[in-house]
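Read through the structure below, which is laid out as structure tokens, and then see the notes.
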Amino acid sequence: MQRREFIALIGAIGAVWPRSLIAQPAHQLMKKMPRIGFLASVPHERIEAFDRGLREMGYVEGANIIIERRFWKNDREQLARFAAELVALEVEVIVASSTPEAIAARAVTGTIPIVTATADAVGVGLAASLARPGGNVTGLTGVASSGKNFGLLLELLPRASRFAVLLDPDNQYHARLMADFQKTAADRQVEILPVIKRSVEDIGPAFQTIASKDIQGLLVLVDPIGFANRRKIIELAAQNRIPAVYHWREEAVEGGLLAYGPDIIDLNRRSAGYVAKLLRGAKAAELPIQQPERFRLVINLKTARALGLNIPTALLATADEVIE
408 MQRREFIALI GAIGAVWPRS LIAQPAHQLM KKMPRIGFLA SVPHERIEAF
458 DRGLREMGYV EGANIIIERR FWKNDREQLA RFAAELVALE VEVIVASSTP
508 EAIAARAVTG TIPIVTATAD AVGVGLAASL ARPGGNVTGL TGVASSGKNF
558 GLLLELLPRA SRFAVLLDPD NQYHARLMAD FQKTAADRQV EILPVIKRSV
608 EDIGPAFQTI ASKDIQGLLV LVDPIGFANR RKIIELAAQN RIPAVYHWRE
658 EAVEGGLLAY GPDIIDLNRR SAGYVAKLLR GAKAAELPIQ QPERFRLVIN
708 LKTARALGLN IPTALLATAD EVIE
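The numbering of the sequence shown is my numbering, which starts it at 408 and goes up by one.
Okay, here's the thing in structure tokens:
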């Protein structure tokens, strides 16, 4: 090759190579960086737990993973729209915090893996069984304790005979629990009534119903709308002097009488492990749904005193946390 031809060839390569070298690696990086969706109600410390779990699995947002976050509040249409947005973005996994998010995500995709931290996936028909889900929904369930919560309410109020359950009748998990509560109530020869709460607008009228029915104790079932508006529920329970049992620690810390439920921080942290497995090739249909490993009983003695209620010593002795 002549010197002049060699110089011309090097010049031609130089004109093309820099653009390819700069553009292609960036394009490939975006292709290789996994993108997941995160669908939940209003942000809270649970999201931090999930992010921490991802870091433990080797994923750092912005460095080697992209997280598309969507937070909804009090609007099921918004929830459905956000779920559809995540599917349109072609995320590789959708993290659905609880049962409504999992249902909304499953309604718009039967192929993208869905990981839940607390949903009753088997109970609402999103999975065939805990051991082998069989579809595209897996993760953890946080609903194992709600039956015990009614027992705690009965223990708190041994002389009471008329109870209520604040629930959403369109929530299949709530409907199943209510049927179980009614059986327990019949065995204990007490009465338990459902009080409807489909939206935030129903909370005030629900407590008017509770007051009119001479309710002596209240069980607040867990759902995103209830959790997002927990302070309103706690305030109305206090105003009506109704002893109430809740599901999550935050509810007792913020003024609820008593809460018993799984360690939600731990569940959200562990859900990141499912995301990591799915991104590395595991199949949602074959990943068993795990149950909570830790439960927390939190009692608010300040609220008990305001209600003139003496907490049984045996119950106090088993509490993981007592709010003075």
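Positions of the beta carbon are idealized from the N, C-alpha and C atoms, including for glycine.
Distance CB(residue i)-CB(residue j) smaller than 8 Å
i      : j      : result
THR545 : THR525 : no
GLY532 : ALA692 : no
LEU626 : VAL682 : no
ALA509 : ILE521 : yes
GLY460 : ALA679 : yes
ASN675 : PHE478 : no
THR506 : ASN578 : yes
ARG483 : ILE671 : no
LEU446 : ALA514 : no
GLU468 : LEU493 : no
ILE640 : ILE610 : yes
VAL529 : SER568 : no
LEU665 : ILE706 : yes
N- and C-terminal bounds of the alpha helix (DSSP H) containing residue i
i      : result
THR720 : 720-724
PRO507 : 506-515
VAL660 : 656-660
VAL502 : Element bounds for VAL502: not the alpha helix (DSSP H) but the beta strand (DSSP E), 500-503.
ALA490 : 483-495
ARG459 : 452-463
8 Å contact criterion, which residue i and residue j should meet: CB distance rounded
i      : j      : result
SER448 : PRO631 : 4 Å
ILE718 : ALA711 : 5 Å
GLY663 : ALA651 : 6 Å
Backbone secondary structure at residue i - three-state DSSP
i      : result
ALA683 : helix
THR548 : coil
ASN717 : coil
ARG525 : Looking at the sequence itself, residue 525 is Thr, so the reference to Arg does not match. Coil, per DSSP.
ASN707 : strand
ILE730 : strand
GLY554 : helix
ARG759 : No information on residue 759 is available, as it lies outside the stretch 408 to 731 that the chain covers here.
ALA666 : strand
GLU598 : strand
GLU468 : strand
ALA592 : helix
ALA534 : coil
SER427 : Residue placement at SER427 cannot be trusted, given a pLDDT of 40 that sits under 50; what the coordinates show is reported in the next sentence. Helix at SER427.
ILE603 : strand
LEU560 : helix
LEU674 : helix
Chain C contact for residue i (CB, 8 Å cutoff)
i      : result
ILE473 : Any reference to chain C falls outside this structure, which holds one protein chain only.
Limits of the beta strand (DSSP E) - the one that residue i falls within
i      : result
GLU475 : 473-479
GLY444 : 442-448
Worksheet entry | Residue ranges of each beta strand (DSSP E) within the segment 612-653, 3 or longer | 624-627 and 651-653
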